[in-house]
Structure formats: C-alpha cells, structure tokens
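Quick notes on the structure that follows.
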Amino acid sequence: MNKHIKFATFITPVLLYISHLLVPASANADEFNCFQVGNCTPPALSDSQQCVEGTDYTISSVNIPNRNVVVLSIHGGKIELKTSNISNDLANLYNWNRYDFNGHGSSSCLDGLSQFKRLHITSSNFDDPQALGLVQSHPKSVSIHGYGDHRGYSNGTICVGGKNTAQRSAFIDYIANNQSTFSHYTLQGIDATQAQSGEVCEGL
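Here it is, written out as structure tokens:
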C-alpha cells in the first residue's frame with residue numbers, strides 16, 4: 000500500500016503518532032484479543048455482551064467511488080483522543096475514504112477500566128471486516144494513532160512508520176522544510192522504524 004498526502008508528499012502503511020494531542024494510558028494487554036469473533040482466541044469484541052456496538056462504540060465506514068486513499072482511526076473516540084477528529088479532518092480535506100472505530104464505553108462496558116484499557120485492540124489484531132475491506136480494496140491508506148504523554152515527547156513529535164523507506168523520508172523531509180506553515184508549534188518527524196532503545200519513537 001503506497002500512501003500519498005498532499006501536505007506531506009508520501010507515506011506508506013503509515014502509523015502517525017502525534018504527541019500530546021492524544022493521551023491514552025500506557026499500553027498493557029488488551030481486554031479483547033481481536034474484533035471479529037472466530038478470528039482469535041476469545042474474547043473478541045464483536046461477541047461481547049458487555050460492550051456493544053451503538054452503545055459503547057460506533058463504527059463509521061465511508062467508501063467514495065474513484066478515491067484511492069482510505070484514512071483509518073481504529074482507536075478513535077475516547078480510546079486515543081483526537082484520532083477520530085484527525086481522520087475526519089483528513090477525509091473531509093482530501094475527500095478520502097474513511098474508517099473510524101469510535102470508542103465511548105458506558106460504565107457497564109468499562110467496568111471500572113479506562114476507555115483505552117477496555118476498548119483498545121492492538122493494531123495487528125484489529126480485524127473488523129469493514130476496515131480490512133476498505134484497506135484491501137484501496138491502494139493507499141493512512142492510519143492515525145496516538146501515544147501517551149507519559150513518554151515525555153515534545154509537542155509536535157510525529158513518529159512516522161511504514162515499510163517504504165523513501166516515502167517515510169519524503170514525509171519527514173516535508174515536515175522539516177515547511178515549518179513556517181505550522182502555526183501552533185514546531186513539528187518534528189521521526190522515523191519510528193529506525194528508533195533505537197531509549198530514543199524518541201522507540202517501540203512504536
């Protein structure tokens with residue numbers, strides 16, 4: 000999957016982690032092993048009687064004909080704050096297809112846990128057929144994620160992931176060369192795939 004972003008040249012199977020806009024708790028083992036029942040060792044979210052679609056999470060899926068890009072926020076809503084907003088803004092700005100998993104668990108779903116702890120499903124295990132269908136049917140996709148401010152990264156840190164080295168580099172270079180267009184604070188693109196232990200973006 001190759002990715003193209005007008006404001007940032009190119010990115011590829013992308014994970015953009017934007018510091019301090021998004022503040023989930025620190026990552027631990029997920030409460031649900033996957034989304035789709037039958038695809039993993041239980042529990043799967045789609046089979047939960049305690050956390051149900053419509054009450055505790057909503058799913059939005061938009062597929063616009065002849066548009067090659069899909070933007071995803073699979074930890075949206077109150078799970079990783081602002082990721083739904085960012086994916087929505089990108090979809091509206093560029094007329095992209097969009098998938099949003101918006102978590103807003105009720106007290107009965109959360110059972111004393113945070114939204115993140117209860118409804119977060121690790122990306123590699125997130126297998127909602129609607130999300131998979133959109134990604135598989137489009138050549139380009141961008142996935143928006145967050146990380147907790149417990150990491151201590153500066154405002155504006157963007158950890159850039161993906162398998163295409165040239166596209167990661169192009170995205171990071173675009174950020175560096177266009178600082179004057181970012182009004183709130185300095186943005187810094189970091190190649191998360193190259194981050195060593197103890198460095199910014201390590202482990203993402």
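Its first residue numbered 0, the sequence shown is counted upward by one per residue in numbering that gives the first Met the number 0.
Each residue gets a CB set at the ideal place from its N, CA and C atoms; glycine is no exception.
- Counting only unbroken stretches of 4 or more residues, the alpha helix (DSSP H) elements lying wholly within the stretch 92-121 are 106-109, 114-118, in sequence order.
- Within the DSSP secondary-structure output, S140 pairs in a beta bridge with V69.
- Relative to K81, the option among L109, F115, W95 whose CA is nearest is F115.
- Looking only at E30, V70, I78, I189, the smallest Cα-Cα distance to D172 is reached by I189.
- For the 7 Å CB-CB criterion, G75 and F100 form a contact.
- D110 has its alpha-carbon roughly 19 Å from the corresponding atom of T57.
- Beta-bridge analysis with DSSP links A43 to C33.
- From the listed residues S153, G104, N124, N32, the smallest Cα separation to H183 is found for S153.
- In chain order, F31, N32, C33, F34, Q35, V36, G37 place their CB closer than 8 Å to the CB of A43, counting only its own chain and leaving out the 5 sequence neighbours on each side.
- Here the C-alpha atom of A175 lies approximately 8 Å from the C-alpha atom of L186.
- For G132, the enclosing alpha helix (DSSP H) covers residues 128-135.
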